[in-house]
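2 protein chains.
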Amino acid sequence: MTAPAGQRGRGRPRDPRTDQAILAAALELFTEHGHAGTSIEQIARRAGVGKLTVYRRWGSKDELIAAAVESARGEIPSPGIGDLDGMSYAQISQVIAEALPGSARTLAEPGYRAMLAQVFGSSVTHPGLMAAFWNDHILPRRRTAHLALSRAVDEGVLPPETDIEALIDMTVGAVVYRLLRPEPPDADELLAYLRSVYEQAGMIPRR
Amino acid sequence: MTAPAGQRGRGRPRDPRTDQAILAAALELFTEHGHAGTSIEQIARRAGVGKLTVYRRWGSKDELIAAAVESARGEIPSPGIGDLDGMSYAQISQVIAEALPGSARTLAEPGYRAMLAQVFGSSVTHPGLMAAFWNDHILPRRRTAHLALSRAVDEGVLPPETDIEALIDMTVGAVVYRLLRPEPPDADELLAYLRSVYEQAGMIPRR
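First to last, the protein sequences are chains A and B.
So for the first sequence, the UniProt record's numbering puts the first residue at 1; every next one is plus one.
So for the second sequence, the UniProt record's numbering puts the first residue at 1; every next one is plus one.
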C-alpha cells in the first residue's frame, strides 16, 4: 500500500466528471463481479483514466468501492428527519407511504438488486463495505422509521410493549430478503410487498 | 458441459466418506472464496480425490455447491411439522422457544455466517444456489412458523388482520440481516436477538 499512498495529492483541484466516471465504473464492475473480481486497473480502464488518477482520489479499492456504493444511494427518496419532527403519526406515516412507489422503483432495478447482493455477499470478507452501505443507505431510513413507530406507540396505534428496534430490523430485513430471493419482484410487486410489510410493522396504517 | 456429462456413471457404488469429503471441501472453498472463486479442480484437490471422482457424483459446480450448502443445513435444529400438528399455540411456541438456543449457536458460528454471506452474495449471479438454500434451510422452518402464527391468530393472541406471510418474512429477514451486519453477534447476543424478534412477531409469547 506504500506506492498508492505516496501517489496521492488530495489538495489539487479535481474535475467532478472524472470522479463520477470513476465511481460509475467502480459501481458497475463491483455489481457485475463483486469485490474480489474487481481491480483498480479495471475500474481505471472502464472509466477511461489512468490508475494514478484513481489513486490520487481514493487510497484503496475498499475506499473506492465504498464510495461507489454510497453514490448509488441518492436514487432512493428518503424523507429527512428534520421534515418529520413535530408531525403526528398520521402525518409521518403519510410521508412514508408517499415515498414507497419511488423506493419500489429503485429497489426493483436489476442493477440495485445486483449491487445489494454483492454488498451482502462481501459482508464477512469486506465488512467495511457493509458498514458504508449501512451508514449511507440504511441508517437515515432507520431514523425516520424510529420516529414513525415511536409516535405510533405514543398515540396508542401500537401497544406499549412494542420492540421498536426489532420491528425496524424486521422491516428492513424483510425487504432485503425479498429482493434477494429467487424470482425477484418487479416494481409493482415490490410496491405491494413494501405496503404489506410496512402495514404489518405499523409503519403505515392498514388500508 | 459435454465432457463432464459423458464422464458420469451414477449407477456405480459410492463410498459415502468420499461424498462427505468432497462436500466438506466444496463448502469450505465456497465459504472462503464464493462461487466465482471456487473451481471443481480446487475442490477435488482439497478433498484428496481426482476431478473425475467429483464429476461422477455431481454434474456441475452449481450442483455440487448447492449440495454442499444443503449439507450445512443438518446442523440447525428444526421441529418438524408432523410433531406440531394438533398442538395449541402455547405448545407450539414452547417447542420453537426451546429450539432457539441451538439455532443461535449454529447461526453465530463464523463458518455459517460466512456461508450465508456467500449465498446471499451469489443470489443474483447464481440464483440456483439461493433456491437450494431457500428450499433446504428456510422453507421447512417457514412451515413451522406458519403453523405457530396461524394458531396465534385462531386463539386471539394475534389480531385477525395479521399478515402471516409478511410476518414470517420479517422474522427470517431480520435474522439474516442481523447476522450480516457489521459487528456480528456471538451466540448469547444472537439468542437474545432471536427472542426479541420472535416475541415481536408473536412467534413466542413475551416473557
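Even glycine gets a Cβ: it sits at the ideal position worked out from N, Cα and C.
Quantities reported herein were computed from a predicted structural model and do not represent experimental measurements.
Please check if any C-beta of chain A sits within less than 8 Å of the C-beta of residue i.
i              : result
residue 1(B)   : Caution applies to residue 1(B), whose pLDDT of 37 falls short of 50 and renders its modelled position unreliable; the value that the coordinates give is listed next. Closer than 8 Å: no.
residue 203(B) : no
residue 190(B) : no
residue 156(B) : no
residue 89(B)  : no
residue 102(B) : no
residue 118(B) : yes
residue 163(B) : yes
residue 17(B)  : no
residue 124(B) : yes
residue 131(B) : yes
residue 151(B) : no
residue 181(B) : yes
residue 9(B)   : Residue confidence is low: residue 9(B) scores 48 on pLDDT, short of 50, so the model does not pin down where it sits. No coordinate-derived value is stated.
residue 134(B) : yes
residue 200(B) : yes
Using a Cβ-Cβ cut-off of 8 Å (strictly less than) and excluding sequence neighbours within five positions of residue i, which residues of its own chain qualify?
i              : result
residue 180(B) : 113, 116, 117 and 120
residue 154(A) : 89
Report the residue from the options whose alpha carbon sits nearest the alpha carbon of residue i.
i              : options                           : result
residue 134(A) : 150(A), 102(A) and 173(A)         : 173(A)
residue 159(B) : 123(B), 188(B), 185(B) and 201(B) : 201(B)
residue 130(B) : 183(A), 151(A) and 25(A)          : 183(A)
residue 185(B) : 108(B), 152(B) and 165(B)         : 108(B)
residue 125(B) : 193(B), 139(B) and 37(B)          : 37(B)
residue 139(B) : 197(B), 53(B) and 168(B)          : 168(B)
residue 147(A) : 52(A), 177(A), 90(A) and 14(A)    : 90(A)
residue 106(B) : 40(B), 25(B) and 176(B)           : 176(B)
residue 15(A)  : 45(A), 29(A), 39(A) and 49(A)     : 49(A)
residue 132(B) : 66(B), 193(B), 95(B) and 73(B)    : 66(B)
residue 25(B)  : 111(B), 154(B) and 150(B)         : 111(B)
residue 94(A)  : 35(A), 145(A) and 178(A)          : 145(A)
residue 87(B)  : 150(B), 53(B), 73(B) and 44(B)    : 150(B)
residue 152(A) : 190(A), 203(A), 166(A) and 165(A) : 203(A)
residue 165(B) : 162(A), 128(A), 164(A) and 178(A) : 178(A)
residue 19(A)  : 29(A), 53(A) and 35(A)            : 53(A)
residue 191(B) : 96(B), 154(B), 163(B) and 128(B)  : 96(B)
Excluding the five sequence neighbours on either side, which residues of its own chain have a C-beta within less than 6 Å of the C-beta of residue i, listed in chain order?
i             : result
residue 58(B) : 64
residue 71(B) : 23
Report the rounded CA-to-CA distance for residue i versus residue j, giving the unit in angstroms.
i              : j              : result
residue 33(A)  : residue 187(B) : 32 Å
residue 31(B)  : residue 61(B)  : 14 Å
residue 195(B) : residue 55(A)  : 46 Å
residue 122(A) : residue 156(B) : 43 Å
residue 141(A) : residue 17(B)  : 50 Å
residue 103(A) : residue 47(B)  : 46 Å
residue 42(B)  : residue 68(B)  : 14 Å
residue 27(B)  : residue 206(A) : 44 Å
residue 137(B) : residue 143(B) : 12 Å
residue 51(A)  : residue 39(A)  : 10 Å
residue 100(A) : residue 199(A) : 12 Å
residue 161(A) : residue 189(A) : 32 Å
residue 193(A) : residue 73(A)  : 21 Å
residue 21(A)  : residue 29(A)  : 12 Å
residue 163(A) : residue 45(B)  : 49 Å
residue 35(B)  : residue 35(A)  : 13 Å
residue 98(B)  : residue 98(A)  : 42 Å
Under a CB-based cut-off of 8 Å, is residue i close to chain B?
i              : result
residue 93(A)  : no
residue 187(A) : no
residue 174(A) : yes
residue 177(A) : yes
residue 207(A) : no
residue 169(A) : yes
residue 59(A)  : no
residue 159(A) : no
residue 140(A) : no
residue 197(A) : yes
residue 143(A) : no
residue 73(A)  : no
Is residue i near the ligand ZN, judged by its Cβ being under 7 Å from some heavy atom?
i             : result
residue 71(B) : As for the ligand ZN, it is missing from this structure, which has no ligand bound.
Leaving out five residues on either side along the sequence, give the residues of the same chain with a beta carbon under 7 Å from the beta carbon of residue i.
i              : result
residue 197(B) : 171, 174 and 175
residue 92(A)  : 84, 147, 148 and 151
residue 128(A) : 62 and 66
residue 2(B)   : Unreliable placement is indicated for residue 2(B), whose pLDDT of 38 sits below 50; no coordinate value is reported for it.
For this session: Quick one: which unbroken alpha helix (DSSP H) runs of 4-plus residues sit fully inside the region 101-128 of chain A? Chain order, please.
Result: 110-121
For this session: Would you list, in sequence order, the uninterrupted alpha helix (DSSP H) runs of no fewer than 4 residues that lie entirely inside the UniProt DNA-binding region "H-T-H motif" (39-58) of chain B?
Result: 40-47 and 51-57
Problem set entry | alpha helix (DSSP H) runs wholly inside the region 132-197 of chain B, at least 4 long, in chain order | 139-154 and 164-180
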